[in-house]
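Asks: Going down the list, the sequences are from chains P, F and S. Going by our numbering, the first residue of the first sequence is number 60, and it counts up by one from there. Going by our numbering, the first residue of the second sequence is number 121, and it counts up by one from there. Going by our numbering, the first residue of the third sequence is number 66, and it counts up by one from there. Provided herewith is a single structure, encoded as structure tokens, for subsequent inquiry.
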Amino acid sequence: MRILRKLSLLSSTAILSAGLITMGLSSASMAGSATVAFSTGSLGTTSYDPIRSSKLNSATSLIYDRLVEQDADQSFHPHLATSWEESADGMSWTFKLRKGVKFHDGEEFNADTIASWIPDFKDTPNAYLVAAIKSVEVIDPLTFKFVMERPEPNLLYNLASIFMGIPGQKSYDSLGKKYGVTTAIGTGPFKLTKFEIGLTTVVTRNDDYAWGSDLSKNQGPAHLDSITFREIPDQSTAFLELKTGGVDLLMGVPTDFLTILNAEKNVGVINMAGTGISYMPINTTSAPFDDIKVRQATALAVNQKAILDSVYKGVGSQAKHFLIDTLPAGDVKPELLVSFDQAKSKALLKEAGWVMGDDGVRMKDGVPLKVKLFTTNDTNFKRLTQVVQAQLKDVGMDAVITVFDASTIRDEYKKSNHQLAVRSYDWNNADILEWFFSATRLGYPNVSMWTDKKSEELKDTAMTKSTTSAERIANFKAYHEHVLSQHLFVPLYQPAQHIAFNKDKITVPAMVRGPRFRSQTFVDIDVAK
Amino acid sequence: MTALILKKLSTFAALRAFTTAIGMFAGGFLVLLLLVAFFAPWITPYDVATQNLANSNAAPSWLHIMGTDEFGRDVFSRVIYGARTSLSVSATAIGISMFVGMLLGASAGYFGGMFERAVMTVVDLTWSFPDILIALIFVAIIGPGLTSTTFAIAIAYLAQFTRLTRAQIVRLKSETFVEATINLGATPARVVLVHLLPNALAPVIVVGMLAVGDGIVLEATLGFFGLGAQPPIPSWGAMMSSGTAQLYLAPWVIIYPGVAVAVTVIAVNLFGDELVQALDIRDRVRS
Amino acid sequence: MILKYAIQRLLMIIPISLAISVVIFLIVHLLPGDPIDNLIRVGSSPEDKIALAAKYGLDRSLFEQYFLWIFQIMKGDFGQAIVLRRPVADLIAQNLPYSLRLGGFAFLFSSLVGIMLGIIAWASHNKWGEQIVKGVILLGSTVPGFWLALLMILLFAVTLGWFPVSGARDWTALVLPVLTIGFGGIALVARVTRVALLEVGKQDFITLLHAKGLSRSTILFRHLIPHALLPVVTILALRIGWILGGAVTVEFVFARPGLGSLLIRALGQRDYPVVQASLLMLALAVMIGTLIGDLAQAAMDPRIREATK
Numbered sequence: 060m061r062i063l064r065k066l067s068l069l070s071s072t073a074i075l076s077a078g079l080i081t082m083g084l085s086s087a088s089m090a091g092s093a094t095v096a097f098s099t100g101s102l103g104t105t106s107y108d109p110i111r112s113s114k115l116n117s118a119t120s121l122i123y124d125r126l127v128e129q130d131a132d133q134s135f136h137p138h139l140a141t142s143w144e145e146s147a148d149g150m151s152w153t154f155k156l157r158k159g160v161k162f163h164d165g166e167e168f169n170a171d172t173i174a175s176w177i178p179d180f181k182d183t184p185n186a187y188l189v190a191a192i193k194s195v196e197v198i199d200p201l202t203f204k205f206v207m208e209r210p211e212p213n214l215l216y217n218l219a220s221i222f223m224g225i226p227g228q229k230s231y232d233s234l235g236k237k238y239g240v241t242t243a244i245g246t247g248p249f250k251l252t253k254f255e256i257g258l259t260t261v262v263t264r265n266d267d268y269a270w271g272s273d274l275s276k277n278q279g280p281a282h283l284d285s286i287t288f289r290e291i292p293d294q295s296t297a298f299l300e301l302k303t304g305g306v307d308l309l310m311g312v313p314t315d316f317l318t319i320l321n322a323e324k325n326v327g328v329i330n331m332a333g334t335g336i337s338y339m340p341i342n343t344t345s346a347p348f349d350d351i352k353v354r355q356a357t358a359l360a361v362n363q364k365a366i367l368d369s370v371y372k373g374v375g376s377q378a379k380h381f382l383i384d385t386l387p388a389g390d391v392k393p394e395l396l397v398s399f400d401q402a403k404s405k406a407l408l409k410e411a412g413w414v415m416g417d418d419g420v421r422m423k424d425g426v427p428l429k430v431k432l433f434t435t436n437d438t439n440f441k442r443l444t445q446v447v448q449a450q451l452k453d454v455g456m457d458a459v460i461t462v463f464d465a466s467t468i469r470d471e472y473k474k475s476n477h478q479l480a481v482r483s484y485d486w487n488n489a490d491i492l493e494w495f496f497s498a499t500r501l502g503y504p505n506v507s508m509w510t511d512k513k514s515e516e517l518k519d520t521a522m523t524k525s526t527t528s529a530e531r532i533a534n535f536k537a538y539h540e541h542v543l544s545q546h547l548f549v550p551l552y553q554p555a556q557h558i559a560f561n562k563d564k565i566t567v568p569a570m571v572r573g574p575r576f577r578s579q580t581f582v583d584i585d586v587a588k
Numbered sequence: 121m122t123a124l125i126l127k128k129l130s131t132f133a134a135l136r137a138f139t140t141a142i143g144m145f146a147g148g149f150l151v152l153l154l155l156v157a158f159f160a161p162w163i164t165p166y167d168v169a170t171q172n173l174a175n176s177n178a179a180p181s182w183l184h185i186m187g188t189d190e191f192g193r194d195v196f197s198r199v200i201y202g203a204r205t206s207l208s209v210s211a212t213a214i215g216i217s218m219f220v221g222m223l224l225g226a227s228a229g230y231f232g233g234m235f236e237r238a239v240m241t242v243v244d245l246t247w248s249f250p251d252i253l254i255a256l257i258f259v260a261i262i263g264p265g266l267t268s269t270t271f272a273i274a275i276a277y278l279a280q281f282t283r284l285t286r287a288q289i290v291r292l293k294s295e296t297f298v299e300a301t302i303n304l305g306a307t308p309a310r311v312v313l314v315h316l317l318p319n320a321l322a323p324v325i326v327v328g329m330l331a332v333g334d335g336i337v338l339e340a341t342l343g344f345f346g347l348g349a350q351p352p353i354p355s356w357g358a359m360m361s362s363g364t365a366q367l368y369l370a371p372w373v374i375i376y377p378g379v380a381v382a383v384t385v386i387a388v389n390l391f392g393d394e395l396v397q398a399l400d401i402r403d404r405v406r407s
Numbered sequence: 066m067i068l069k070y071a072i073q074r075l076l077m078i079i080p081i082s083l084a085i086s087v088v089i090f091l092i093v094h095l096l097p098g099d100p101i102d103n104l105i106r107v108g109s110s111p112e113d114k115i116a117l118a119a120k121y122g123l124d125r126s127l128f129e130q131y132f133l134w135i136f137q138i139m140k141g142d143f144g145q146a147i148v149l150r151r152p153v154a155d156l157i158a159q160n161l162p163y164s165l166r167l168g169g170f171a172f173l174f175s176s177l178v179g180i181m182l183g184i185i186a187w188a189s190h191n192k193w194g195e196q197i198v199k200g201v202i203l204l205g206s207t208v209p210g211f212w213l214a215l216l217m218i219l220l221f222a223v224t225l226g227w228f229p230v231s232g233a234r235d236w237t238a239l240v241l242p243v244l245t246i247g248f249g250g251i252a253l254v255a256r257v258t259r260v261a262l263l264e265v266g267k268q269d270f271i272t273l274l275h276a277k278g279l280s281r282s283t284i285l286f287r288h289l290i291p292h293a294l295l296p297v298v299t300i301l302a303l304r305i306g307w308i309l310g311g312a313v314t315v316e317f318v319f320a321r322p323g324l325g326s327l328l329i330r331a332l333g334q335r336d337y338p339v340v341q342a343s344l345l346m347l348a349l350a351v352m353i354g355t356l357i358g359d360l361a362q363a364a365m366d367p368r369i370r371e372a373t374k
């Protein structure tokens, strides 16, 4: 019957045309381009608007430049600002700007840009970054002054933050809320050409770029023509993509795969100091953890070295307090550092009235020492949680694990349903202490549910009453030491950062000049010859 | 001797399913599985929760015939215990589903009219919606764990039992013996419970068996998304889920639990088919 | 007769959709957590949170929120995503083509291979051919989809390197995902094809064609298979929910863009407008598929109809 013939003709045409269409849509990999996979921590950027976004990724640093950049040793280097001076009383900062800088749409960058840019932060999630700035004074096209509300020793850190990449003011003002969704105009070495939310971001070279910072070897236009960034949620998949050539560079490699990658001849691995801590907050309002002895016992029951050796194969370092090692405010009194001491842990529990039962679980007044241990559905967390569970069992504490998704667990925290939780943060500044222990943030992010007069005083002093950098460090150290003495959490592990790349496809500078892998390194990446 | 046993077996209709070659193998495997799951604590060579991090991700060897996982735990022991979790969760869920489904279907079929239409529309919706999504949402509301997995699976299969029972009841309703019973003054409840349901039971039970197989797959899928059994309880799905991160390093962590699921479900399906043949209810079973 | 039934069913879609929209809305808002937590970041104040909640109307009563939403939908406006910060319609427009492509090819694959297997099962008069086909079908339809996907990635993408591990960069990235979903569909189609062929084959006019001397293959391709197509379409339309569910899992494992990934991501971030719109679309797709399937079923030969249930 003709039906069948028509049908077969129709279906074969359909298949053929579909195949041709999909082939045509495939992105041909051009010479001079690279594919990069984001680390799992920087997934989910919703727009390239640095002022309004709460979550950004490394591609943002390629589109926008900042006034200053931070090096791996925490020092600050000039970028769009060539020099700066802080007044003696800290109430004003004067900056000199680079000449000849232009935005991707041709708009000129000068002091007026800054005057228009700072007020943009009002009523945005990032407003706190400029909260200490009262006003901007334009002195001449290449000089401006910040008139401050109060001294802010943290100003340079904020200016180097990825959230203070400077957008083109003309396009920012005209596009309003739509800015960053499909259009993002900066002065950076790459321009945004495609953004498929949750999937890919494609940036192409800005050929006019001539103002790189001294943290890069190449201060002119980048070597690569374009870079395609892919968001791959599963770390194993990302690793497999590197192995099969689907991706040229992995930003963030799990320790499991490091041994394999280090052994591969065509894979290069770069190791950098970490910028975060994995830790276990303790809910101080939930019995038995309202007893500081029990909290301390919990902290001493965890064996950070065993975690480091067996879970992470010795890669990274132990965490002994709340901050990363590169921060000076982490340099606290040695007796406050948290270390494994099983005997003391058991003794403390006994002191607190918890006697070992026959089944290996401690009891007090007929109640067993059974606690809730929450975490989110992430491979590393689940692994860490199970190891901690086993270590707690060794001192007679029965921890019951529940795995949640990220949104649900925050709800649980707010309702104070948790007792112990395994989580992590990624931040390289001491003010992370305020974020996680301030009384104004109970529930989430203050998962320890901690509130205490002394902590609040120390916090306020550290956050707003420091006038110089040295003062700020000292104040945060005091706050940090108080937090440690109350045993509000247990430090678990300090990961290092690892970048892996395909040596046959691209060359990457061996030393990364910055706490993170960002634009200053990307402009030095080239196609392998 | 065996011929005599087989002859005795075949007098009990359902057991006739064991007499064919396929029936013997599939049925035998299922019986073995049930025994293994029951006697797990005595059979497993290693403890399922003890960690041995120095020996993590070890390839299968004589010491560990299915290798070890990322914590150094014996995969073989965990697969056996996983059978307990998977079978009990699935059986409980299908049991609940069958019970509720039969009540709903029987009443819908008996009373008919608007009531029947309403019940069937609601139930049909649960059937045509992807069961993964129903389960995901259910678990997101109640929270992860075996309880929510059980309820999610129960809801996913509710429609099947409701439809099946209703079809049986509708068919039986028109039989003369039913009319006679009603004329003798039996209440609707009595008619449904004493006279209709028992006759509708056979196909429902067989379908229930097949559904347990599907339930195991659904439990594995939910476990894969991290919503099922909580660590360190072994469940086939959860093992495969944590194994994904090890896909390249230790593929056996994913392969063996998956094989366990596949073989179990295939055995259930094959035996179920034999059972249908043995009871001669092919026309009453919509699979 | 069928027309009346069709119109009845079509009219029913409206009240059912409304009921579903209420259920979807309630479920989504019953989920613990909220989207605002996904919008704040390190350093922002607790007042910011309250202000944000008010901005998105999340501080109003559920009634109010529902009616605002449903009236918006009826005007054709899917609204603005909270966390993803762009029109929901844009997000769906960006992701839908990927899912359609995946679903479409899976549909095609299931149909073609399923029909082929159904023919083999029907044509092989010895037990072996039938059993082999039955075995293959059983295997493909009972194993968990994600497990199959992982094994295929391990074998074909990593070890052999024939196909990409993940993503959607070109047509090669479609192969493994389509195979994963398709394997399950093959079982349904093969079974239905075999029954259809059997039933039609028994009819008198076929015997007549035999007697006239037409070759078996001519009879098969010109007269029998066309009768199998309707049941195939029917069964796949009725089980569309199953295909959609498979697509969600596959998009997750293969890190592919699509409505499934969008839904899961939005669900994780509690982006209410996106989740509600996606679920509504899925529900509509399922209802329409079921309607088509039901109508086709009603129009079918009763003996074949049984096989599609």
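A virtual CB, placed ideally from N, CA and C, is assigned to each residue, including glycine.
List, in chain order, every chain P residue whose beta-carbon is nearer than 9 Å to that of residue 362 of chain F.
Replies: Counted from its first residue, the second sequence places residue 362 of chain F at position 242. Those are 438, 441 and 442, listed as they occur along chain P.
Asks: Taking the alpha-carbon of residue 335 of chain F as reference, which of F:170, F:226, F:269 and F:377 has the nearest alpha-carbon?
Replies: Working through the second sequence from its first residue, we reach residue 335 of chain F at position 215. The candidate whose alpha carbon is nearest that of residue 335 of chain F is F:269.
Asks: Short of 9 Å Cβ to Cβ, which residues in the segment 327 to 345 of chain S face chain P?
Replies: Under the 9 Å Cβ criterion, the segment 327 to 345 of chain S contributes 327, 330, 332, 333, 334 and 335.
Asks: Compare the C-beta of residue 266 of chain F with all C-beta atoms of chain P and state if any pair is closer than 8 Å.
Replies: Along the second sequence, one-based indexing puts residue 266 of chain F at 146. Output row for residue 266 of chain F: interface = no.
Asks: Within its chain, find whatever has a CB closer than 7 Å to the CB of residue 140 of chain F; leave out the 5 residues flanking it on each side and keep chain order.
Replies: Locating residue 140 of chain F in the second sequence gives position 20, counting from the first residue. Cβ within range, chain order: 394.
Asks: Give, in chain order, every residue of the segment 110 to 126 of chain P whose Cβ lies closer than 7 Å to some Cβ of chain F.
Replies: Per Cβ criterion, the list is empty.
Asks: Taking C-beta to C-beta, are residue 110 of chain P and residue 182 of chain P nearer than 8 Å?
Replies: As a first step, residue 110 of chain P is located in the first sequence; it is residue number 51 there, counting from the start. As a first step, residue 182 of chain P is located in the first sequence; it is residue number 123 there, counting from the start. It is not a contact, given that the beta carbons lie outside the stated cut-off.
Asks: Between the segment 192 to 216 of chain S and chain F, which residues of the former have CB atoms less than 8 Å from a CB of the latter, in chain order?
Replies: Going along the segment 192 to 216 of chain S in chain order, one finds 203, 204, 207, 208, 209, 210, 211, 212, 215 and 216 with a Cβ nearer than 8 Å to chain F.
Asks: Could you check whether the segment 335 to 353 of chain P touches the segment 476 to 487 of chain P, counting it as contact only if at least three pairs of C-beta atoms, one from each stretch, sit closer than 8 Å?
Replies: The segment 335 to 353 of chain P vs the segment 476 to 487 of chain P: in contact.
Asks: Would you mind telling me which residues of chain S sit closer than 8 Å to residue 341 of chain F, beta carbon to beta carbon, in chain order?
Replies: In the second sequence, residue 341 of chain F corresponds to position 221, counting from 1. Those are 209, 210, 211 and 314, listed as they occur along chain S.
Asks: Looking at the secondary structure, which residues open and close the alpha helix (DSSP H) in which residue 198 of chain F lies?
Replies: Translated into the one-based positions of the second sequence, residue 198 of chain F becomes position 78. Looking at the DSSP string, the run of the alpha helix (DSSP H) that includes residue 198 of chain F is 195 to 231.
Asks: How about residue 345 of chain S and residue 86 of chain S: do their beta carbons lie closer than 8 Å?
Replies: The count along the third sequence starts at 1 and reaches residue 345 of chain S at position 280. The count along the third sequence starts at 1 and reaches residue 86 of chain S at position 21. Yes, they are a contact pair.
Asks: By the 9 Å beta-carbon criterion, what residues does the segment 181 to 195 of chain F contribute toward chain P?
Replies: From the segment 181 to 195 of chain F, only 190, 191 and 192 have a Cβ closer than 9 Å to chain P.
Asks: With distances taken from CA atoms, which of P:351, P:417 and P:335 is nearest residue 386 of chain P?
Replies: As a first step, residue 386 of chain P must be located in the first sequence, where it is residue number 327. It is P:335 whose Cα lies nearest to the Cα of residue 386 of chain P.
Asks: Measure how close the beta-carbons of residue 133 of chain P and residue 376 of chain P come, nearest whole angstrom, since I'm counting them as under 8 Å.
Replies: Numbered from its first residue, the first sequence carries residue 133 of chain P at position 74. Numbered from its first residue, the first sequence carries residue 376 of chain P at position 317. Their Cβ separation, rounded to whole angstroms, is 17 Å, which puts residue 133 of chain P and residue 376 of chain P out of contact at 8 Å.
Asks: Quick one: grab the DSSP three-state call for residue 291 of chain F.
Replies: Counted from its first residue, the second sequence places residue 291 of chain F at position 171. Reduced to three states, the DSSP call for residue 291 of chain F is helix.
Asks: May I ask which residues mark the beginning and end of the alpha helix (DSSP H) holding residue 359 of chain F?
Replies: In the second sequence, residue 359 of chain F corresponds to position 239, counting from 1. From DSSP, the alpha helix (DSSP H) with residue 359 of chain F extends over 356 to 364.
Asks: Looking at C-beta atoms only, is the number of pairs between the segment 121 to 135 of chain P and the segment 200 to 207 of chain P that lie closer than 8 Å three or more?
Replies: With the cut-off at 8 Å, the segment 121 to 135 of chain P and the segment 200 to 207 of chain P do not touch.
Asks: Does the contact criterion of 3 or more C-beta pairs under 8 Å hold for the segment 179 to 194 of chain S versus the segment 275 to 285 of chain P?
Replies: Cβ pair count under 8 Å is below three, so no.
Asks: When DSSP builds the beta bridges, which residues end up paired with residue 351 of chain F?
Replies: For the purposes of this step, residue 351 of chain F is identified with residue 231 of the second sequence, where counting begins at 1. For residue 351 of chain F, which the question treats as bridged, DSSP gives no partner whatsoever.
Asks: Excluding five sequence neighbours on each side, which residues of the same chain lie with their C-beta closer than 7 Å to the C-beta of residue 219 of chain P?
Replies: As a working mapping, residue 219 of chain P is identified with position 160 in the first sequence. Within the same chain, residue 219 of chain P has close Cβ partners 125, 127, 128, 129 and 135.
Asks: In the segment 177 to 224 of chain P, which residue ranges form an unbroken alpha helix (DSSP H) of at least 4 residues, counting only runs that do not cross its ends?
Replies: As far as the segment 177 to 224 of chain P is concerned, its whole alpha helix (DSSP H) runs of at least 4 residues are 214 to 218.
Asks: Can you list, in chain order, the residues of its chain whose CB lies under 6 Å from that of residue 100 of chain P, leaving out five sequence neighbours each side?
Replies: Counted from its first residue, the first sequence places residue 100 of chain P at position 41. 485.
Asks: According to a CB-to-CB cut-off of less than 7 Å, which residues of the segment 348 to 372 of chain F neighbour chain S?
Replies: Answer set for the segment 348 to 372 of chain F: 360, 364, 367, 368 and 371.
Asks: Kindly indicate which three-state DSSP category residue 309 of chain P falls into: helix, strand or coil?
Replies: Position 250 of the first sequence, counted from the first residue, corresponds to residue 309 of chain P. It is a strand residue.
Asks: Which two residues bound the contiguous beta strand (DSSP E) that contains residue 330 of chain P?
Replies: On the first sequence, residue 330 of chain P is found 271 positions in, with the first residue counted as 1. Residue 330 of chain P -> beta strand (DSSP E) spans 326 to 331.
Asks: What is the DSSP secondary structure of residue 481 of chain P, counted as helix, strand or coil?
Replies: Counted from its first residue, the first sequence places residue 481 of chain P at position 422. Reduced to three states, the DSSP call for residue 481 of chain P is strand.
Asks: Expressed to the nearest angstrom, what Euclidean distance is found between the alpha-carbon atoms of residue 526 of chain P and residue 382 of chain P?
Replies: Against the first sequence, residue 526 of chain P aligns to sequence position 467. Against the first sequence, residue 382 of chain P aligns to sequence position 323. If I take the Cα positions, the gap works out to 22 Å.
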